[in-house]
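Student: Residue numbers (my numbering): 2 to 289. Virtual Cβ for every residue (Gly too), placed ideally from N, Cα, C.
Here it is, written out as structure tokens:
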């Protein structure tokens, strides 16, 4: 449930009311999974003499106040704000400097709806379930991000150690990190950006060929440069994956399994754990 108030100068706000309402509602649906039928918007077109604002704003200055049930994650609310700034500018050319927004959250028992306190109503959407999905996503992304520090700390190690094969016929730590970078680079360019409801992402490339390409592409880089490349690319992957809605489901390579961003990233969290285990075992054996 949400109630939204929009304030602006009458001359500017009146002609765009319907378009602005449509934009705001699309953002609420996409960012917070609000049912499309739940639109409650009130416009307050103000006379110029009744609407004061700071220097640096124009006649397009607009205030949006959003009251809603508590329970959404910080990232979901930030995503809502980002979408509003983006779409309002894209569709109405109102500069972000002319948009100010506030989110007010209150518990459901503070709302009275259809003759009852809202916490006694049966709703057709579940804020807690949405939050649970977001919390699960946040947890797995934190694990995915943790690899950054695990790899970054290796810059303290001697280069000879990092370019030595961890065992006969196996990669060195340098090659392992290049391999991790290669998959992050592939996912960022070909997979994460395509995650949308009902999308069919491309099939994963042949693993051996992908690994070979990754290591070969970095053959002229030092191990320390590769560590930096990996950390930068992993951060980009984290930022991109956090923009995917937790409820989004997609397939890969025409398969039947429905993936979420969380289940996709879990594959690579396990992949990270395997290689970090190899690195740890090598370090313990070598340094003791």
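Indicate whether residue 246 and residue 138 have their beta-carbon atoms separated by less than 7 Å.
Tutor: Looking up residue 246 in the chain shown gives position 245. Looking up residue 138 in the chain shown gives position 137. Their beta carbons are not under 7 Å apart, which means residue 246 does not touch residue 138 by this criterion.
Student: Going by DSSP, what residue range makes up the beta strand (DSSP E) through residue 65?
Tutor: Start at 1 with the first residue of the chain shown, and residue 65 comes out as number 64. Looking at the DSSP string, the run of the beta strand (DSSP E) that includes residue 65 is 63 to 70.
Student: Answer with buried or exposed for residue 157, where buried requires no fewer than 16 other C-beta atoms within 10 angstroms of its C-beta.
Tutor: Within the chain shown, the letter at position 156 stands for residue 157. It counts as exposed.
Student: Give the list of continuous alpha helix (DSSP H) stretches no shorter than 4 residues that lie fully inside the stretch 153 to 216.
Tutor: 160 to 163, 174 to 191
Student: For residue 88, report the span of its beta strand (DSSP E) as first-last.
Tutor: Taking the chain shown and counting its residues from 1, the one referred to as residue 88 is at position 87. Note, residue 88: premise wrong, no beta strand (DSSP E); alpha helix (DSSP H) at 75 to 93.
Student: Roughly how many whole angstroms lie between the Cα atoms of residue 111 and residue 72?
Tutor: The residue given as residue 111 occupies position 110 in the chain shown. The residue given as residue 72 occupies position 71 in the chain shown. Distance between residue 111 and residue 72, taken at the CA atoms: about 14 Å.
Student: Which same chain residues, not among the five before or five after residue 86, have their C-beta less than 7 Å away from its C-beta?
Tutor: Counted from its first residue, the chain shown places residue 86 at position 85. Same-chain partners within the cutoff: 97, 100.
Student: Under the DSSP definition of a beta bridge, which residues are partnered with residue 42?
Tutor: Translated into the one-based positions of the chain shown, residue 42 becomes position 41. BP columns for residue 42 point to 5.
Student: For residue 10, list the residues DSSP reports as bridge partners.
Tutor: Start at 1 with the first residue of the chain shown, and residue 10 comes out as number 9. Per DSSP, 47.
Student: For residue 159 and residue 288, I'd like the C-alpha separation in whole angstroms.
Tutor: Position 158 of the chain shown holds residue 159. Position 287 of the chain shown holds residue 288. C-alpha separation (whole angstroms): 11 Å.
Student: Taking residue 43 and residue 26 to be in contact with their CB atoms under 8 Å, please state how far apart those CB atoms are, rounded to whole angstroms.
Tutor: What you label residue 43 is simply residue 42 of the chain shown in a count that begins at 1. What you label residue 26 is simply residue 25 of the chain shown in a count that begins at 1. Incorrect: roughly 13 Å between the Cβ atoms, too far for contact.
Student: State the beta-bridge partners of residue 101 as determined by DSSP.
Tutor: One-based indexing of the chain shown puts residue 101 at position 100. Note: residue 101 sits in a beta bridge opposite 64.
Student: Count the other CB atoms within 10 Å of the CB of residue 62; is the residue buried (16 or more) or exposed (fewer)?
Tutor: Locating residue 62 in the chain shown gives position 61, where the first residue counts as 1. With 16 or more Cβ atoms within 10 Å of its Cβ, residue 62 is classed as buried.
Student: Taking just the CA atoms, how far does residue 241 sit from residue 171?
Tutor: Indexing the chain shown from 1 puts residue 171 at position 170. Indexing the chain shown from 1 puts residue 241 at position 240. Looking at the two C-alpha atoms, the distance is approximately 32 Å.
Student: Which residues bound the alpha helix (DSSP H) around residue 240?
Tutor: As a working note, residue 240 is residue 239 in the chain shown. Segment 224 to 242, the alpha helix (DSSP H) holding residue 240.
Student: Does residue 21 pass the burial test, meaning 16 or more other C-beta atoms within 10 Å, or should it be called exposed?
Tutor: Residue 21 sits at position 20 when you count from the first residue of the chain shown. In this structure residue 21 is buried. Its beta-carbon is surrounded by 16 or more other beta-carbon atoms within 10 angstroms.
Student: Within the same chain, show all residues whose beta-carbon is closer than 8 Å to that of residue 59, passing over the 5 residues directly before and after it, in chain order.
Tutor: As a position in the chain shown, residue 59 is number 58, starting the count at 1. Correct list, in chain order: 96, 99.
Student: Specify the secondary structure class of residue 21 as computed by DSSP and reduced to three states.
Tutor: Here the question's residue 21 lines up with position 20 in the chain shown. It is helical.
Student: Is it buried or exposed for residue 265, if we count other Cβ within 10 angstroms and need 16 for buried?
Tutor: On the chain shown, position 264 is the one that residue 265 refers to. Result: buried.
Student: Is it right to say residue 282 is buried, meaning 16 or more other beta carbons lie within 10 angstroms of its own, or is it exposed?
Tutor: Counted from its first residue, the chain shown places residue 282 at position 281. Classification of residue 282: exposed, given that the 10 Å Cβ count is below 16.
Student: With a cut-off of 8 Å on the beta carbons, I'd call residue 141 and residue 267 a contact; round off their distance for me.
Tutor: The residue given as residue 141 occupies position 140 in the chain shown. The residue given as residue 267 occupies position 266 in the chain shown. Rounded, the Cβ-Cβ distance is 6 Å, consistent with contact.
Student: Going by the beta-carbon positions, is the gap between residue 10 and residue 52 smaller than 7 Å?
Tutor: Translated into positions along the chain shown, residue 10 becomes position 9. Translated into positions along the chain shown, residue 52 becomes position 51. Judged by beta-carbon spacing, residue 52 lies within the 7 Å limit of residue 10, meaning their Cβ atoms are closer than that value.
Student: Is there a C-beta anywhere in chain C that falls below 7 Å from the one on residue 186?
Tutor: Annotation note: the requested chain C is absent from the structure, which comprises a single protein chain.
Student: Below 8 Å, can you find three or more Cβ-Cβ pairs linking the stretch 193 to 210 to the stretch 252 to 262?
Tutor: yes
Student: With a threshold of 8 Å, are at least 3 pairs of Cβ atoms found where one atom belongs to the stretch 211 to 230 and the other to the stretch 105 to 122?
Tutor: no
Student: As a quick exercise: from 8, 249, 7, pick the residue whose alpha carbon is nearest that of residue 198.
Tutor: For the purposes of this step, residue 198 is identified with residue 197 of the chain shown, where counting begins at 1. The shortest Cα separation from residue 198 among 8, 249, 7 belongs to 249.
Student: Ordered along the chain, which non-local residues of its own chain (more than five positions away) have a Cβ less than 8 Å from that of residue 31?
Tutor: Start at 1 with the first residue of the chain shown, and residue 31 comes out as number 30. Around residue 31: 84, 246.
Student: To the nearest angstrom, how far is the alpha carbon of residue 104 from that of residue 23?
Tutor: Against the chain shown, residue 104 aligns to sequence position 103. Against the chain shown, residue 23 aligns to sequence position 22. If you take the alpha carbons of residue 104 and residue 23, they lie about 18 Å apart.
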